[in-house]
Amino acid sequence: GAVVSQHPSRVICKSGTSVKIECRSLDFQATTMFWYRQFPKQSLMLMATSNEGSKATYEQGVEKDKFLINHASLTLSTLTVTSAHPEDSSFYICSARFPLSGGYTFGSGTRLTVV
Amino acid sequence: GENVEQHPSTLSVQEGDSAVIKCTYSDSASNYFPWYKQELGKRPQLIIDIRSNVGEKKDQRIAVTLNKTAKHFSLHITETQPEDSAVYFCASVASGYSTLTFGKGTMLLVSP
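Chains as they are written, first to last, in the numbering used here: chain A, -2 to 112; chain B, 2 to 113.
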């Protein structure tokens, strides 16, 4: 079935540095990818919708200059957390919609810890 | 925008009992309702889904019912097992859109 590969699975970084998270669709073309953030014991909150070849659409309250999204190809979307702070520590998950069935597949998630 | 409410937030059952989780949605244009199981630190896994042209769907011990008039849908797990313990999320997608809106989740604990 359709698979989305997400890397890295875990990352620890220092405050003020930037971290890039990659999501690749392995066996299908994902014109749209979604980026979620999940804090402990909470639900998945949509951060932005990433469209291949165009600017991402950010949800209200999500800083687009802090969370840079690039979707330069049909198989790769990246999320860069810039100038990370401890409050950015969270579980970040990407998702893509199946082109035929309309269902959704998720990446394995990235546990970001900012120290 | 769409709003999805999910209840209960926690549910404890004995092994072999049934578990029911309920969700309501606000957008009458919603037409796709998946349920996900998420274990700690892992990705959500689709366990069952239903579209608005169907009232009920079953897959072995798992079933989902949809009431479009009342705008609610429910997950039913029968003969629960300890490995069913996880957090379950309902979600919805509105026709013409592609974004999933999630409920807040239900932590299900099945005791042996």
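Glycine residues also receive a C-beta, built at the ideal position from the N, C-alpha and C atoms. Being a predicted model, the structure only gives us computed values, none of them experimental.
DSSP places residue 28 (chain B) in the coil class of the three-state scheme, outside both helix and strand. Chain-order list of chain A residues neighbouring residue 33 (chain B): 99, by C-beta distance under 7 Å. In its chain, beyond the 5 residues on either side, 81 have a beta carbon closer than 6 Å to the beta carbon of residue 18 (chain B).
Considering only A:8, A:25, A:3, the residue with the shortest C-alpha distance to residue 95 (chain A) is A:25.
Of A:58, A:110, A:27, A:15, the smallest CA-CA separation from residue 98 (chain A) is found for A:27. At least one CB atom of chain A sits nearer than 8 Å to the CB of residue 103 (chain B). Against residue 99 (chain B), the close residues of chain A are 29, 94, in the order they occur along the chain (beta-carbon pairs closer than 7 Å). By the criterion of at least three beta-carbon pairs nearer than 8 Å, the region 14 to 21 of chain A is in contact with the region 77 to 92 of chain A.
With respect to chain B, the C-beta atom of residue 34 (chain A) has no partner C-beta closer than 8 Å. Minimum Cα-Cα distance from residue 100 (chain B) among the listed residues B:31, B:14, B:7 corresponds to B:31.
Comparing C-alpha distances from residue 82 (chain A) to each of A:49, A:110, A:3, A:72 shows the shortest one belongs to A:110. Between the region 44 to 58 of chain A and the region 6 to 23 of chain B there are fewer than three inter-stretch CB-CB distances shorter than 8 Å, so the stretches are not counted as touching. Neighbourhood of residue 18 (chain B) in chain A, by CB distance below 8 Å: empty, with the nearest CB roughly 24 Å away. Shown here for residue 96 (chain B): same chain residues with a beta carbon closer than 6 Å to its own, the five before and five after excluded, namely 30, 32 in chain order. Contact annotation: in the region 58 to 70 of chain B, no residue has its CB less than 8 Å from a CB in chain A.
Taking C-beta atoms under 8 Å as the contact rule, residue 109 (chain B) and residue 87 (chain B) qualify, at a distance of about 6 Å. The Cβ neighbour count for residue 2 (chain B), taken over all protein chains shown within 10 Å, is under 16; the residue is labelled exposed.
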